[in-house]
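Trainee: One structure coming up, written as structure tokens, with questions to follow.
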Amino acid sequence: MTEPVAVTTPRYLKTPDAAIHLGLSARTLEKHRCYGTGPVFRKLGGRIVYAIDDLEAWAALGTRRSTSDTGTGVVHPAKRLPTDCVRR
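Heads up, the sequence shown is in full-length UniProt numbering, so the first residue is 1 and it goes up one at a time.
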């Protein structure tokens, strides 16, 4: 008789898996991380990981019911925000 194997879902995802979860490319998620426009991440040793709850919370900021709905949050594109400009 074999014992049933408990299947557990991961709590943290590496960048490629987190990107798939969100429907983005890994490079887009990396850009979001660099520009500070993406989901909260954790650095464990030298690895970047994302909690699934944090990915869901970030994606929920973009929830809308119609095209005219302004929503409660903003999911910015993966590019520098105007406040990040470097003065020379």
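For every residue, glycine included, the Cβ atom is placed at its ideal position computed from N, Cα and C.
Values in this document were obtained by computation on a predicted structure and should not be read as measured data.
Counting only runs that start and end within the UniProt domain "Helix-turn-helix" (12–59), where is the beta strand (DSSP E) found for 3 or more residues in a row?
Mentor: 12–14, 42–44, 47–51, all fully within the UniProt domain "Helix-turn-helix" (12–59).
Trainee: For H76, I'd like the list of residues in its chain whose CB is within less than 7 Å of its CB, leaving aside the five on either flank, ordered along the chain.
Mentor: Numbered from 1 along the sequence shown, position 76 holds the residue referred to as residue 76. Correct list, in chain order: T37.
Trainee: Give the straight-line distance between the Cα atoms of R47 and T72, rounded to the nearest whole angstrom.
Mentor: Counting from 1 along the sequence shown, the entry for residue 47 is found at position 47. Counting from 1 along the sequence shown, the entry for residue 72 is found at position 72. Between R47 and T72, the C-alpha separation is close to 32 Å.
Trainee: Under a three-way DSSP split, which group does P10 fall into?
Mentor: Here residue 10 is taken as the residue at index 10 of the sequence shown, counted from 1. Three-state DSSP puts P10 in coil, outside helix and strand.
Trainee: What number of angstroms, rounded off, separates the C-alpha of H21 from the C-alpha of T2?
Mentor: Residue mapping note: residue 21 aligns to position 21 of the sequence shown, counting from 1. Residue mapping note: residue 2 aligns to position 2 of the sequence shown, counting from 1. Distance between the alpha carbons of H21 and T2: 33 Å.
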